[in-house]
Structures are given as C-alpha cells and as structure tokens.
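Student: Please see the structure below; I have some questions.
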Amino acid sequence: MKLERFLDLHVHAWPDTYNRRYTIFNLGEELKANNGAAVMKSHLMATTPLARTAREMGLPLFGSITLNQYNGGINRSVVEAAIAANGPDHSSMMIWFPTLTLPSNKPKTKQTTSHPVLAEHTVKYERVSENGKLRQETKEVIQVASAFNIPLATGHSSKEEVYMLIEETEKQKCKLMITHPFYQCTNFTIAEVIDMLSSSKNVYVEFAVLMSKIGYDRHEDLVEVLKTWGTDRICVSTDFGQLKNGTVTEGYTEYVTEVKKAAEANGFDFNQKIADEICYLNPTAFLGVK
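Quick note: the sequence shown uses this note's numbering, first residue 48, plus one each step.
Below, the structure written as structure tokens:
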C-alpha cells in the first residue's frame with residue numbers, strides 16, 4: 048500500500064546529537080519527489096532556520112525546536128528566537144518539550160554521537176515539572192506557543208507530566224501532540240490514549256513507525272484505536288532519520304502495508320481514505336499548514 052501524500056511530523060536530520068542519514072537537501076528532495084513534507088526535529092538545536100532555507104529552495108520542510116539543555120532548556124526566550132529564525136512568512140513549526148529527560152529514557156537503538164564533544168560532556172537533563180507541578184517556565188512556553196498558534200509535543204515527558212501538559216494546554220488553548228505514547232517513558236495503554244483524546248479537542252496522538260520497529264507498539268494497536276475511536280486527531284509519523292533505518296517514504300509504505308494486513312486479520316477496512324487522514328490530513332491540521 049502506497050500513500051498518495053503524507054506529512055511527517057517527526058523526522059530526525061543533521062545536525063543532531065547522533066549521526067543521521069538526512070540533511071535538509073536529501074530529505075527535501077526525497078519528500079518533493081514523493082509528494083511528501085516533513086517537520087525536521089533535532090535533539091541538539093532549532094531547525095527553523097534550516098527549514099526556512101529549505102523552503103526558499105522549494106523544498107517541503109518545516110522547522111521545530113526541542114527544549115533540551117543544548118538549546119537552552121525550557122525558556123521562552125529560546126522559543127522566541129526559534130520563532131524569529133523561522134522567518135517572516137509565518138510558516139508552521141513545532142515546539143517539542145525536552146527529550147533528554149532521564150538516563151532510563153535512552154533509545155534502544157545503538158547510535159553514534161555526531162561529535163566527540165557530545166560524548167565527552169554529559170548534558171543536564173531537563174524536565175517540564177518540579178515537585179509534582181509544572182514549572183513556571185513550562186507555562187510560559189505554552190503561553191508563547193498559544194500566542195503564535197504553534198503546536199506543542201510532549202517529547203519524553205513522564206506519564207504524570209503528560210497529564211499536567213494536557214491540563215495546561217487546554218487552559219491556554221494550544222494543540223498538544225502526545226509523542227509516541229507507548230514508549231518506555233509513559234507506557235500508556237490503548238484505553239488511556241482514547242481517554243486523553245476524549246478529554247480535549249486540543250489533544251492529538253502520534254503513532255510512530257519507529258516504535259513498531261523497535262517493539263514498543265504493534266500495528267494491531269493502531270487498528271484497535273481506529274476501530275474503537277476512529278481517525279480523529281490520530282497522526283502517523285516515522286521518527287526516522289537513523290542510519291540503520293530506511294527512508295521516510297519506505298517507512299510509510301512498509302507501515303501502512305503492515306497495518307492493512309493487521310486490519311484485515313481483525314475484520315477492519317483500512318483503506319486509502321483512512322491512510323490519507325492519519326498520514327496527511329490530521330498532521331496538516333495539527334501543524335496548521337496554510
């Protein structure tokens with residue numbers, strides 16, 4: 048099964064903490080050739096200026112910032128700088144809450160750091176909460192995101208922190224993506240995922256191709272959510288960019304093919320319309336692409 052179009056909200060590209068298969072050039076050209084688009088994510092730095100350059104070259108890329116200590120952490124000034132670097136065209140972008148949050152949240156996949164300085168000097172871990180409450184800095188970032196209509200993602204926050212973020216983003220009327228909810232830092236159940244979607248129209252949920260490849264979720268999990276809940280605010284992204292994985296386009300094709308097989312085995316019609324909704328229309332709505 049091949050997609051007619053897609054918008055990947057989660058692709059890792061150079062520069063990043065680990066070596067990547069993609070730069071703005073080869074990623075952009077691949078997407079352009081396959082009627083795709085993507086948000087570039089980096090644990091290391093804001094990708095908004097790179098994405099702006101890519102768009103000026105006619106490449107379908109959007110930027111983001113991940114609020115790790117490498118970037119200055121959870122800080123409204125850091126976010127404002129990333130917004131400014133995104134350019135005067137008010138193009139869409141994303142803000143990710145920290146991904147370097149706990150030693151236990153390191154990925155299963157073995158990867159090589161992109162520069163010796165990153166291996167020699169351990170960065171401070173960054174959290175959205177302190178003493179059981181959201182930090183004031185976290186609330187200020189949400190305020191900025193709301194003011195500029197920029198969607199947020201939970202990153203590698205804990206389960207308890209995700210619920211705090213849902214509550215605060217609902218107050219401030221800001222969209223929030225629950226980043227790969229079955230990953231080890233949250234371990235959400237399917238029932239909890241559906242409850243989160245039911246709790247707020249601002250909540251979106253990501254199903255990442257990478258997570259199915261490394262064993263954190265199954266294709267059947269997406270099928271069950273689609274059967275029980277429907278397609279509303281469900282987004283499929285790849286979380287690709289690792290040297291050992293294939294291309295984004297290959298990842299999508301393989302994933303939707305396997306989901307279709309799982310759906311058929313469970314008596315569910317996973318068709319092109321549903322695939323388009325969760326791989327393109329919903330991500331487009333979340334990102335607010337004009």
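The beta-carbon is built from N, C-alpha and C at its ideal position, and this holds for glycine as well. Keep in mind the model is a prediction, meaning the values are calculated, not measured.
Just to check my reading of the structure: I71 and T100 have Cβ atoms closer than 8 Å, yes? What is that Cβ distance to the nearest angstrom?
Tutor: For this step, residue 71 is matched to residue 24 along the sequence shown. For this step, residue 100 is matched to residue 53 along the sequence shown. Confirmed, about 7 Å.
Student: Taking C282 and F333 to be in contact with their CB atoms under 8 Å, please state how far apart those CB atoms are, rounded to whole angstroms.
Tutor: Within the sequence shown, the letter at position 235 stands for residue 282. Within the sequence shown, the letter at position 286 stands for residue 333. Yes, they are in contact, since the Cβ atoms of C282 and F333 sit about 6 Å apart, within 8 Å.
Student: Does the distance from the C-beta atom of V32 to that of V126 stay below 8 Å?
Tutor: As displayed, the chain neither begins before 48 nor continues past 337, which places residue 32 out of reach and without an answer.
Student: Which whole-angstrom value describes the C-beta separation of N115 and T146, a residue pair presumed to lie in contact below a C-beta threshold of 8 Å?
Tutor: In the sequence shown, counting from the first residue as 1, residue 115 sits at position 68. In the sequence shown, counting from the first residue as 1, residue 146 sits at position 99. That belief holds up - the Cβ atoms of N115 and T146 are roughly 6 Å apart, short of 8 Å.
Student: Would F254 and L269 be called neighbours here (beta carbons separated by less than 8 Å)?
Tutor: As a position in the sequence shown, residue 254 is number 207, starting the count at 1. As a position in the sequence shown, residue 269 is number 222, starting the count at 1. Yes, the pair counts as a contact, with Cβ atoms nearer than the cut-off.
Student: Taking the straight line between their C-alpha atoms, what separation do you get for K88 and P107?
Tutor: As a working note, residue 88 is residue 41 in the sequence shown. As a working note, residue 107 is residue 60 in the sequence shown. If you take the alpha carbons of K88 and P107, they lie about 14 Å apart.
Student: Check this for me: beta carbons of W276 and A200, under 8 Å apart or not?
Tutor: Locating residue 276 in the sequence shown gives position 229, where the first residue counts as 1. Locating residue 200 in the sequence shown gives position 153, where the first residue counts as 1. Going by C-beta atoms, W276 is not nearer than 8 Å to A200.
Student: Mind checking which residues open and close the alpha helix (DSSP H) that includes Y251?
Tutor: Stepping through the sequence shown from its first residue, residue 251 is reached at position 204. Element bounds for Y251: not the alpha helix (DSSP H) but the beta strand (DSSP E), 250-255.
Student: In chain order, what residues of the same chain have a beta carbon less than 8 Å from the beta carbon of L241, not counting five sequence neighbours either side?
Tutor: In the sequence shown, residue 241 corresponds to position 194, counting from 1. Per the sequence presented here, residue 241 reads as Ile, with Leu not at that position. Excluding sequence neighbours, I241 sits near V272, T275, W276.
Student: Per DSSP, S284 forms a beta bridge with which residues?
Tutor: To locate residue 284, count along the sequence shown from 1; it is residue 237. Bridge partners of S284: A255.
Student: Which one or two residues does DSSP pair with S176 in a beta bridge?
Tutor: On the sequence shown, position 129 is the one that residue 176 refers to. Partner(s): L181.
Student: First and last residue of the alpha helix (DSSP H) that includes D268?
Tutor: Start at 1 with the first residue of the sequence shown, and residue 268 comes out as number 221. Run containing D268: 266-275, per the alpha helix (DSSP H) assignment.
Student: Would you mind sorting A60 into buried or exposed? The rule is 16 or more other CB atoms within 10 Å of its CB.
Tutor: In the sequence shown, counting from the first residue as 1, residue 60 sits at position 13. Under this definition A60 is a buried residue.
Student: In three-state terms, what does DSSP make of K88?
Tutor: Indexing the sequence shown from 1 puts residue 88 at position 41. Of the three classes helix, strand and coil, the one that applies to K88 here is strand, per DSSP.
Student: So what's L54 in DSSP terms, helix, strand or just coil?
Tutor: As a working note, residue 54 is residue 7 in the sequence shown. If DSSP states are grouped into helix, strand and coil, L54 belongs with the strands.
Student: Could you tell me the alpha carbon to alpha carbon distance between K218 and M211, rounded to whole angstroms?
Tutor: The residue given as residue 218 occupies position 171 in the sequence shown. The residue given as residue 211 occupies position 164 in the sequence shown. The straight-line gap from Cα to Cα measures roughly 11 Å.
Student: Which first and last residues belong to the alpha helix (DSSP H) in which L108 is found?
Tutor: Here the question's residue 108 lines up with position 61 in the sequence shown. Looking at the DSSP string, L108 is not in any alpha helix (DSSP H); the run it does join, the beta strand (DSSP E), is 108-113.
Student: Using 8 Å for Cβ pairs, my map puts G335 next to N196. What's the rounded Cβ distance?
Tutor: Along the sequence shown, one-based indexing puts residue 335 at 288. Along the sequence shown, one-based indexing puts residue 196 at 149. That pair is a contact at about 6 Å.
Student: Evaluate E324 with the Cβ neighbour count: other Cβ atoms within 10 Å of its Cβ, from every protein chain shown; 16 or more gives buried, anything less gives exposed.
Tutor: Numbered from 1 along the sequence shown, position 277 holds the residue referred to as residue 324. E324 is buried by the Cβ-count criterion.
Student: Which runs of the beta strand (DSSP E) spanning at least 3 residues fall entirely within the segment 282-336, listed in chain order?
Tutor: Segments of the beta strand (DSSP E) lying fully in the segment 282-336: there are none.
Student: Return the CA-CA distance between A306 and G110, expressed in angstroms with no decimal places.
Tutor: Along the sequence shown, read from residue 1 onward, the residue named residue 306 stands at position 259. Along the sequence shown, read from residue 1 onward, the residue named residue 110 stands at position 63. The sequence shown places Val at residue 306, rather than the Ala named in the question. So the alpha carbons of these two residues sit roughly 29 Å apart.
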